[in-house]
Amino acid sequence: MNIRLEEVDPDNVEGRWIFVHLAGSDKHNHPPSQDPSIHPGHRRRDIYRLIPSDLATADVVGAQNSAGVSPQVVISTIRRAGPTSSIIDKDISNRMDAERRAALRGDTPTEFLLKQLETNGFFYKVDVNPDNSRLRSMFWSHPDIQDIYGWNSDVLILDCTYKTNSFDLPLLNIISMTNTNNVLPIAQCWRPGEKEENFVWALNNCAR
């Protein structure tokens, strides 16, 4: 629909004005929409509408995002609580991105992770590519595991996953078997490949 403002009296610009449709645009070229979710304004309203638990939908999204819940599961939860909600997956993803940016407080994800490890007392080591300053390897271990590992260090198992993170770094899990045949997670490590030097770097850090 195209409209413009026109003065009723061209000689009196301070008088009345009217809206004028242009080129027959008073006729819609499509039937009225039946689904409010196609209108961003409706979705922005619904993201802050209260659901039966008296929590704003945005609060629910934030809580589930912190728990690592996918947008598809979040939207399913919202639809069960409020079947008339016009929110779509894209709105959930946008809200989650906003929550992440707020949590990072201006840091990059890697900087934020290192600060969290430092704050919570984790032992960690990083290896940075000197050519581009990108993270090449990262090793971390929970602070409470060191004493327990000292008592159960006879057998180590290295379990490397095929799934990689956003930097194409596969995850190496280092675990130990206790004398009661229980599995004890010792450390985790992202490294650039499965060459001998990659495992040596991880095991040297584990020995510390």
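Under UniProt numbering, the sequence shown is numbered contiguously, ending at residue 208. Even for Gly, the Cβ is constructed at its ideal location relative to N, Cα and C. Remember, predicted model here, so these are calculated numbers, not experimental data.
**Report entry** Coil, strand or helix - Leu156 by DSSP
**Finding:** For this step, residue 156 is matched to residue 156 along the sequence shown. Residue state, collapsed to three classes: strand.
**Report entry** Bounding residues of the beta strand (DSSP E) (the contiguous stretch that carries Val74)
**Finding:** Reading the sequence shown from its first residue, position 74 is the one you call residue 74. Taken as a continuous stretch (DSSP letters only), Val74 belongs to no beta strand (DSSP E), being part of the alpha helix (DSSP H) at Pro71 to Ala81.
Query raised in the report: If we call anything under 7 angstroms between Cβ atoms a contact, is Met177 one with Val155?
Result: Taking the first residue of the sequence shown as 1, we reach residue 177 at position 177. Taking the first residue of the sequence shown as 1, we reach residue 155 at position 155. Going by C-beta atoms, Met177 is nearer than 7 angstroms to Val155.
Requested in this report: Give me the Cα-Cα distance between Val13 and Glu7, rounded to the nearest whole angstrom.
Outcome: Taking the sequence shown and counting its residues from 1, the one referred to as residue 13 is at position 13. Taking the sequence shown and counting its residues from 1, the one referred to as residue 7 is at position 7. Near 6 angstroms, if we compare the C-alpha coordinates of Glu7 and Val13.
Requested in this report: Starting from the C-beta of Ala79, find all residues in its chain whose C-beta is less than 7 angstroms away, skip the five residues before and the five after it, and write them out in chain order.
Outcome: Here residue 79 is taken as the residue at index 79 of the sequence shown, counted from 1. This sequence places Arg at residue 79; Ala is not what is there. For Arg79, where only same-chain residues beyond five positions count, the Cβ hits under 7 angstroms are Ser85.
**Report entry** Burial state of Asn29, where buried means 16 or more other Cβ atoms lie within 10 Å
**Finding:** Position 29 of the sequence shown, counted from the start, is the residue given in the question as residue 29. Result: exposed.
Requested in this report: Specify the secondary structure class of Leu117 as computed by DSSP and reduced to three states.
Outcome: Along the sequence shown, one-based indexing puts residue 117 at 117. Here Leu117 sits in helix by DSSP.
Requested in this report: Could you have a look at Gln188 and say whether DSSP puts it in helix, strand or coil?
Outcome: Residue mapping note: residue 188 aligns to position 188 of the sequence shown, counting from 1. If DSSP states are grouped into helix, strand and coil, Gln188 belongs with the strands.
Report task. Determine the direct distance from the alpha carbon of Asp11 to that of Ile3, and round the result to whole angstroms. Result -> The residue given as residue 3 occupies position 3 in the sequence shown. The residue given as residue 11 occupies position 11 in the sequence shown. Each residue's alpha carbon lies about 21 angstroms from the other.
Query raised in the report: Is there contact between the region 174 to 193 and the region 144 to 161, where contact requires at least three CB pairs shorter than 8 angstroms?
Result: yes
Query raised in the report: Which residues in the same chain have their Cβ closer than 7 angstroms to the Cβ of Trp151, if we skip the five residues on either side of it in sequence?
Result: As a working note, residue 151 is residue 151 in the sequence shown. Result list for Trp151: empty, nothing under 7 angstroms.
Query raised in the report: Quick one: Cα of Cys206 to Cα of His42, how far?
Result: Taking the first residue of the sequence shown as 1, we reach residue 206 at position 206. Taking the first residue of the sequence shown as 1, we reach residue 42 at position 42. One C-alpha to the other measures close to 54 angstroms.
Requested in this report: Measure the alpha-carbon distance for Leu50 versus Pro71 and round it to whole angstroms.
Outcome: Counting from 1 along the sequence shown, the entry for residue 50 is found at position 50. Counting from 1 along the sequence shown, the entry for residue 71 is found at position 71. Residue confidence is low: Leu50 scores 47 on pLDDT, short of 50, so the model does not pin down where it sits. Its coordinate-derived value is still stated next. Roughly 19 angstroms between the two C-alpha positions.
Query - Simplified DSSP assignment, three categories, for Asn173 - result: Sequence index remark: in the sequence shown, residue 173 carries index 173 (1-based). Correct three-state label for Asn173: strand.
Report task. Using the DSSP secondary-structure output, state which residues sit across from Ile88 in a beta bridge. Result -> Position 88 of the sequence shown, counted from the start, is the residue given in the question as residue 88. Answer is none; Ile88 lacks a bridge partner.
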